[in-house]
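Working notes for the structure below.
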Amino acid sequence: MAAQQDGRGLILPAENEGEVGLLPKEGTRVATHLLAVCAFLLGQGELSLAQPPAAPPNANRGDLQDIIGQEQAKRALEIAAAGGHNLLLLGPPGTGKTMLASRLPGLLPPLTDQEALESVAVASLQHQPAGRLPWRQRPFRAPHHSASMAALVGGGCNVWE
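Going by UniProt numbering, the final residue of the sequence shown carries number 161, and the count climbs one at a time with no gaps.
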């Protein structure tokens, strides 16, 4: 992005072409190997312009209209989603805590361009192709209630998973 803000072009590896959807399009090219880049820079060849991926379909994350009653809990979900607040749902089994929590991702606003770039950068480190990611949706984790502290915050020697 900094190169394009300075009016310079950008050449990406073909494997990263899916990430170009978050960048300004003009001047962004893709190359399959380094010799193609050298030929392009010497004026002896041409590189194709990068094509942004088609937006992946939005995951069906549920809707609050599916829930009958629970007006105070639904209002708390809306406030937490709008303000980026934490949320703790308490109650006896069968009162709809899990059902309410499963609707929360559908209430979250889409990512801004800068947030989407950060999200794709992290996904790229994990070798997840950006073309298959819903990169405009906020990441959402729903750990099981019995997950250990190590499972929640990470542990062990494999830092990429």
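For every residue, glycine included, the Cβ atom is placed at its ideal position computed from N, Cα and C.
On a predicted model such as this, the values are computed, not experimentally measured, just so you know.
Item, Value
"Just to confirm before moving on: does the CB-CB distance between Val37 and Leu12 stay below 8 Å?", "no"
"If I'm right that Ala76 touches Ala101 with Cβ under 8 Å, what's the distance once you round it to whole angstroms?", "Actually they are not in contact, since the Cβ atoms of Ala76 and Ala101 sit about 11 Å apart, beyond 8 Å."
"Please name the residue, chosen from Gln137, Leu107 and Thr95, that lies closest to Glu115 on a Cα-to-Cα basis.", "Gln137"
"Could you give the distance in angstroms between the alpha-carbon of Leu47 and the alpha-carbon of Glu17?", "13 Å"
"Pick helix, strand or coil for Leu12, following the three-state DSSP scheme.", "strand"
"If you count every other CB in all the chains shown that lies within 10 Å of the CB of Ser146, and 16 or more means buried, which is it?", "exposed"
"Which full runs of the beta strand (DSSP E) of 3+ residues lie inside the UniProt domain \"Magnesium chelatase ChlI-like catalytic\" (63-158), going along the chain?", "none"
"Please return the same chain residues whose Cβ sits closer than 8 Å to the Cβ of Gly27, not counting the five positions on each side in sequence.", "Gln4, Arg8, Gly9 and Leu10"
"Give the DSSP-derived three-state secondary structure of Ala31 in the structure shown.", "strand"
"For Val120, count neighbouring C-beta atoms within 10 Å of its own C-beta (all shown protein chains included) and say buried if the count is 16 or more, exposed if not.", "buried"
"Use the C-beta contact count for Ala81: other C-beta atoms within 10 angstroms, 16 or more gives buried, fewer gives exposed.", "buried"
"Who pairs with Leu49 in a beta bridge, going by DSSP?", "Arg29"
"Rounded to the nearest angstrom, how far is the Cβ of Ala103 from that of Leu64, given a contact under 8 Å?", "In the sequence as displayed, the identity of residue 103 is Arg instead of Ala. Contact flag correct, Cβ pair sits at about 5 Å."
"Report yes if the CB atom of Ala72 is closer than 8 Å to the CB atom of Gly96, and no otherwise.", "Residue identity differs from the one stated: residue 72 is Gln in this sequence, not Ala. It is not a contact, given that the beta carbons lie outside the stated cut-off."
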